[in-house]
Amino acid sequence: MIDTSKAFLLITVMSAVTMLLRFLPFVLFSKSTPKPVLYLGEVLPYSIMAMLVVYCLRNTSVLETPHGLPEAVSVTAVVLLHKWRHNTLLSILGGTFCYMVFVQIIV
Amino acid sequence: MNKKTVKYSFLASLPVMAGYIVLGIGFGILLYDKGYSFWWAILMSVTIYAGSMQYVGVGLLAGGASLISAAIMTLMVNARHLFYGISMVEKYRDTGASKPYLIYALTDETYSLVCDPELPEGVDRKKYYLLVSLMDQSYWVFGSFLGGFLGSALKFNSQGIDFAMTALFVVIFVEQWEKTKQHIPALLGLTLSLICLLIFGPDEFLIPTMLCIPVGLFLLKGRIAKEEEKND
Numbered sequence: 001m002i003d004t005s006k007a008f009l010l011i012t013v014m015s016a017v018t019m020l021l022r023f024l025p026f027v028l029f030s031k032s033t034p035k036p037v038l039y040l041g042e043v044l045p046y047s048i049m050a051m052l053v054v055y056c057l058r059n060t061s062v063l064e065t066p067h068g069l070p071e072a073v074s075v076t077a078v079v080l081l082h083k084w085r086h087n088t089l090l091s092i093l094g095g096t097f098c099y100m101v102f103v104q105i106i107v
Numbered sequence: 108m109n110k111k112t113v114k115y116s117f118l119a120s121l122p123v124m125a126g127y128i129v130l131g132i133g134f135g136i137l138l139y140d141k142g143y144s145f146w147w148a149i150l151m152s153v154t155i156y157a158g159s160m161q162y163v164g165v166g167l168l169a170g171g172a173s174l175i176s177a178a179i180m181t182l183m184v185n186a187r188h189l190f191y192g193i194s195m196v197e198k199y200r201d202t203g204a205s206k207p208y209l210i211y212a213l214t215d216e217t218y219s220l221v222c223d224p225e226l227p228e229g230v231d232r233k234k235y236y237l238l239v240s241l242m243d244q245s246y247w248v249f250g251s252f253l254g255g256f257l258g259s260a261l262k263f264n265s266q267g268i269d270f271a272m273t274a275l276f277v278v279i280f281v282e283q284w285e286k287t288k289q290h291i292p293a294l295l296g297l298t299l300s301l302i303c304l305l306i307f308g309p310d311e312f313l314i315p316t317m318l319c320i321p322v323g324l325f326l327l328k329g330r331i332a333k334e335e336e337k338n339d
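Quick mapping for you: the protein sequence lines, in order, are chains F and L.
So in my numbering the end of the first sequence lands on 107, straight run, no missing numbers.
So in my numbering the end of the second sequence lands on 339, straight run, no missing numbers.
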């Protein structure tokens, strides 16, 4: 474990950068928002969510056993559960349970 | 504050309550596993308050990352918050004293509740913003406390619990997909992320991806606009 003051510093940095990102648009566009930025604001959330899914799964190794099977099955489970009931809790719990069973017991 | 606004805000926040408590618990447990008590979990949930970044942060703390790499990592993981801000500039303009808190608390999930709410008659819009923001953060802080606390109370094998984060993003992805008929931005994001992942590898692909996506979106602007029309 790293020492306490280093941990505090790391948390401070993470907090400061996060808040900078959240406050920046409000500071920059306190008067008006330019058109290209409005366009990006509209379409980016869709692209970014796809990127975040890939980001979460980035360390999945397709070439070695189990060839990304736990990830593939669990993501499919989340999608199907969500299509079925549209209940966020159920989808997240179901998918995570499926994944944990896979990596702890099966594989 | 009228009862109707409070009730409506609470009901709207329920899906986030579900997601945040599960994810918060997962975060608290992960952090506990690395040797940090629930006080650290609460500290991070109050000061950083960004789900995915806090999961990444566990790794940074455990690995003793440098301050510079922590800053760059936060910039990459949370850059998307810029765009939430961009779309809320107008709506938050008249929120007065609560505005700084509303901006501070603008997470993915809170954004999804405040970006385009269809509020019924008698529900105060500004109070709704404040209430869902406050409720969401209280779920997150409570969840992470619980995770850190349970992590120290009972030892169970938590391997794989971080999949809750992946599951949340998949859920949001599905909901976004169902909300619109034009899927170019989603497919573009998916394709470019995968291409960059193949070229740059898991540790380096985020920045190239974030540079490529806006370029792609501007190149395909005409086609996206056409698809939008089909939507209406």
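All C-beta atoms, glycine included, are put in the ideal place defined by N, C-alpha and C.
Exposed or buried, which one is residue i when buried takes at least 16 other CB atoms within 10 Å?
{"i": "Gln161(L)", "result": "buried"}
{"i": "Gln104(F)", "result": "exposed"}
{"i": "Trp147(L)", "result": "buried"}
{"i": "Phe134(L)", "result": "buried"}
{"i": "Asn185(L)", "result": "buried"}
{"i": "Glu216(L)", "result": "buried"}
{"i": "Ala293(L)", "result": "buried"}
{"i": "Thr76(F)", "result": "exposed"}
{"i": "Trp84(F)", "result": "exposed"}
{"i": "Ser194(L)", "result": "buried"}
{"i": "Pro25(F)", "result": "buried"}
{"i": "Gly296(L)", "result": "buried"}
What residues of chain L sit near residue i, judged by a beta carbon separation below 8 Å?
{"i": "Lys83(F)", "result": "Val281"}
{"i": "Leu68(F)", "result": "According to the sequence provided, residue 68(F) is Gly. The question's Leu does not apply to it. Within 8 Å Cβ-Cβ: nothing; Gly68(F) doesn't reach chain L, min ~13 Å."}
{"i": "Thr96(F)", "result": "Val129, Gly133, Gly267, Ile268, Phe270, Ala271, Ala274"}
May I have the straight-line CA-CA distance separating residue i from residue j, to the nearest angstrom?
{"i": "Ser265(L)", "j": "Gly255(L)", "result": "12 Å"}
{"i": "Gly329(L)", "j": "Asp269(L)", "result": "39 Å"}
{"i": "Leu52(F)", "j": "Glu197(L)", "result": "26 Å"}
{"i": "Ser251(L)", "j": "Ala125(L)", "result": "13 Å"}
{"i": "Lys110(L)", "j": "Tyr211(L)", "result": "26 Å"}
{"i": "Gly171(L)", "j": "Lys333(L)", "result": "49 Å"}
{"i": "Met180(L)", "j": "Leu237(L)", "result": "29 Å"}
{"i": "Lys288(L)", "j": "Ile302(L)", "result": "24 Å"}
{"i": "Ile155(L)", "j": "Tyr208(L)", "result": "13 Å"}
{"i": "Tyr39(F)", "j": "Leu182(L)", "result": "22 Å"}
{"i": "Ile48(F)", "j": "Val277(L)", "result": "12 Å"}
So residue i and residue j are in contact, right, with Cβ under 8 Å, and what is the actual spacing, rounded?
{"i": "Val78(F)", "j": "Ala271(L)", "result": "In fact, because the Cβ distance is near 10 Å, the residues do not count as touching under 8 Å."}
{"i": "Phe102(F)", "j": "Val62(F)", "result": "Phe102(F) to Val62(F), Cβ: 15 Å. No contact."}
{"i": "Ser300(L)", "j": "Val54(F)", "result": "4 Å"}
{"i": "Asp201(L)", "j": "Val123(L)", "result": "Rounded, the Cβ-Cβ distance is 24 Å, inconsistent with contact."}
Since residue i meets chain L, which of its residues come closer than 7 Å, beta carbon to beta carbon?
{"i": "Ser74(F)", "result": "Phe270"}
{"i": "Thr33(F)", "result": "Ile193, Val196"}
{"i": "Leu57(F)", "result": "Thr273"}
{"i": "Ser88(F)", "result": "Rather than Ser, the amino acid found at residue 88(F) in this sequence is Thr. The contacting residues are Pro122, Ala125, Gly126, Val278."}
List the residues of chain F that residue i touches, going by C-beta distances under 8 Å, in chain order.
{"i": "Lys328(L)", "result": "Tyr39"}
Residues of chain F with a CB under 7 Å from the CB of residue i: which are they?
{"i": "Gly135(L)", "result": "Under the 7 Å cutoff, chain F gives no residues; its nearest Cβ is about 15 Å from Gly135(L)."}
{"i": "Ile210(L)", "result": "Arg22, Phe23, Phe26"}
Let me see if you follow: with CB-CB separation under 8 Å, is residue i close to chain B or not?
{"i": "Phe312(L)", "result": "Here the protein chains are F and L, and chain B is not one of them."}
Given that residue i touches chain F, what residues does it touch there, using C-beta distances under 9 Å?
{"i": "Ala178(L)", "result": "Val13, Met14, Ala16, Val17"}
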